[in-house]
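**Q** So that we are looking at the same thing, I have put the structure below in structure tokens.
Residue numbers (the numbering used here): 6 to 408.
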């Protein structure tokens, strides 16, 4: 008589102890923490790629099936960019702009190297701390004469939009820690929250303000809908105590008489005409600014623009609607997975709720801001967004749960 089968327990996750993470992990973190110096960040990314195979061989096999949700859209997007470069109306310009393909490496490197919540927290905390220091630098610039509309604070970056984009991503990751985790017990996180939000306010960047306000409203709807009743008195208080330049800038958001607002409408019209001309694979990377004068509305304030000030239109105009579909697939998949996992952690009393909510909020804000600014085309901001988009797959993909 044969003995009954005995079920075997699920194999434990093979993750390195927190103090003994591979060199590639720390190199990966360093390339995120140094986005303020893009050349240094790129060099650290290259070193990460050299050390990553050794780190991958040292652990358990890569969970390809669980990572399909992010590998497929990023692969399709990269293929669309490559095809658009080959079919470009200006191949030389597009070939130079296609270096974006190298920047996409942040996402697969994260999938290989970030294998547990402890590692994810170390990277997020390091990023928040660095961005808080950059915010202090921006506030120092404000104190020495920057801060008006023509001389906005920008920290160590070449443009204030890059500065505000980096601040926005870190701000939402930190806010999730404060409201959905144990971050409210940490003094340095409170200091970081104040510094980052003061710098965002002083940057006078309306796209970041709109994205932050709408994303915070979504968080209130999820966590405490009754707080919506406080919006009216809070808005009145803001109008009373906020500096006049900030109030004037906020009120100009919906003013079509504002030159920059009208200019964005003209750019949107030109972008739609570009898409209509070459819908599948676009004009080619880097070609929207080159051909803008051809599609420009006669009353547009500017004859030349660096980009279309809209991530979605920029992708569709330069790389085509297929690339835009892959981008939406990537972002939508990460947002959906992060929200599902947040709900699961909340229901089961798990400790990862703040990480998943941070991903959800940061990506939502990144894309809302992208409706007014080409932050996907800003390598420094894009790099952080790719890391954030990879996080829910890193956490859910590597974990071992009993069937």
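Virtual Cβ for every residue (Gly too), placed ideally from N, Cα, C.
Note that the coordinates shown come from a computational prediction; the quantities given were computed from them, not determined experimentally.
Please report the Cβ distance between residue 390 and residue 174, rounded to the nearest whole angstrom; I am assuming they are in contact, meaning their Cβ atoms lie under 8 Å.
**A** At roughly 7 Å, the Cβ-Cβ gap stays under 8 Å, so residue 390 and residue 174 are in contact.
**Q** Return the residue from the list 274, 348 and 305 that minimises the CA-CA distance to residue 264.
**A** Comparing Cα positions, the closest option is 305.
**Q** Work out the CA separation of residue 169 and residue 356 for me, nearest whole Å.
**A** Rounded to the nearest angstrom, the two C-alpha atoms are 30 Å apart.
**Q** Use the C-beta contact count for residue 153: other C-beta atoms within 10 angstroms, 16 or more gives buried, fewer gives exposed.
**A** It counts as exposed.
**Q** Grab me the residues of residue 181's own chain with a C-beta within less than 6 Å of its C-beta, minus the 5 sequence neighbours each way, in chain order.
**A** Counting only Cβ-Cβ distances below 6 Å, and skipping sequence neighbours, we find 359, 362, 363 and 366.
**Q** So which of 294, 104, 197 and 118 has the shortest CA-CA distance to residue 142?
**A** The option with the nearest alpha carbon to residue 142 is 197.
**Q** Is the number of C-beta pairs between the stretch 235–255 and the stretch 197–214 that are closer than 8 Å three or more?
**A** Yes: the two stretches touch, three or more of their Cβ pairs being nearer than 8 Å.
**Q** Is the stretch 329–341 touching the stretch 295–315 in the sense that three or more CB pairs, one from each, lie closer than 8 Å?
**A** Result no; under three Cβ-Cβ pairs closer than 8 Å.
**Q** When the Cα of residue 217 is compared with those of 372, 230, 96 and 54, which residue comes out closest?
**A** Nearest option by C-alpha distance: 372.
**Q** Using beta-carbon positions only, say whether residue 102 and residue 384 come within less than 8 Å of one another.
**A** No, the pair does not count as a contact, with Cβ atoms beyond the cut-off.
**Q** Could you say which of 257, 320, 353 and 395 lies nearest to residue 341 if we only look at CA atoms?
**A** Per the Cα distances, 395.
**Q** Give the single residue among 337, 73, 243 and 283 whose Cα lies nearest to the Cα of residue 113.
**A** Comparing Cα positions, the closest option is 73.
**Q** Going by other Cβ atoms of all chains shown within 10 Å of its Cβ, with 16 needed for buried, is residue 199 buried or exposed?
**A** It counts as exposed.
**Q** Please report the distance separating the alpha-carbon of residue 376 from that of residue 166.
**A** Taking the straight line joining both Cα atoms gives about 13 Å.
**Q** Are any of the Cβ atoms in chain B nearer than 8 Å to that of residue 278?
**A** The structure shown contains no chain B, having only a single protein chain.
**Q** Could you say if the stretch 124–139 and the stretch 80–99 meet the contact criterion of at least three C-beta pairs nearer than 8 Å?
**A** Contact between the stretch 124–139 and the stretch 80–99 is absent, because fewer than three Cβ pairs lie under 8 Å.
**Q** Considering only DSSP beta bridges, list what residue 156 is partnered with.
**A** Residue 156 pairs with 153.
**Q** When we look at the beta-carbon of residue 347 and count the other beta-carbons within 10 Å, is it buried (16 or more) or exposed?
**A** So residue 347 ends up on the buried side.
**Q** How long is the line joining the alpha carbons of residue 64 and residue 52, rounded to whole angstroms?
**A** Straight-line Cα distance between these residues: approximately 19 Å.
**Q** Could you check where the alpha helix (DSSP H) with residue 273 kicks off and where it finishes?
**A** Here the alpha helix (DSSP H) through residue 273 covers 264–282.
**Q** So, at 7 Å on beta carbons, what are the nonlocal neighbours of residue 147 in its own chain, with the 5 sequence-adjacent residues on each side left out?
**A** The answer, listed in chain order, is 158 and 207.
**Q** Which runs of the alpha helix (DSSP H) spanning at least 4 residues fall entirely within the stretch 104–151, listed in chain order?
**A** Whole alpha helix (DSSP H) segments, 4+ residues: 105–108, 111–118 and 122–148.
**Q** Give me the residue from 54, 291 and 85 with the minimum Cα distance to residue 379.
**A** Considering only alpha carbons, the answer is 291.
**Q** Just to confirm, is the Cβ distance from residue 60 to residue 30 under 8 Å?
**A** Yes, these two residues count as a Cβ contact at 8 Å.
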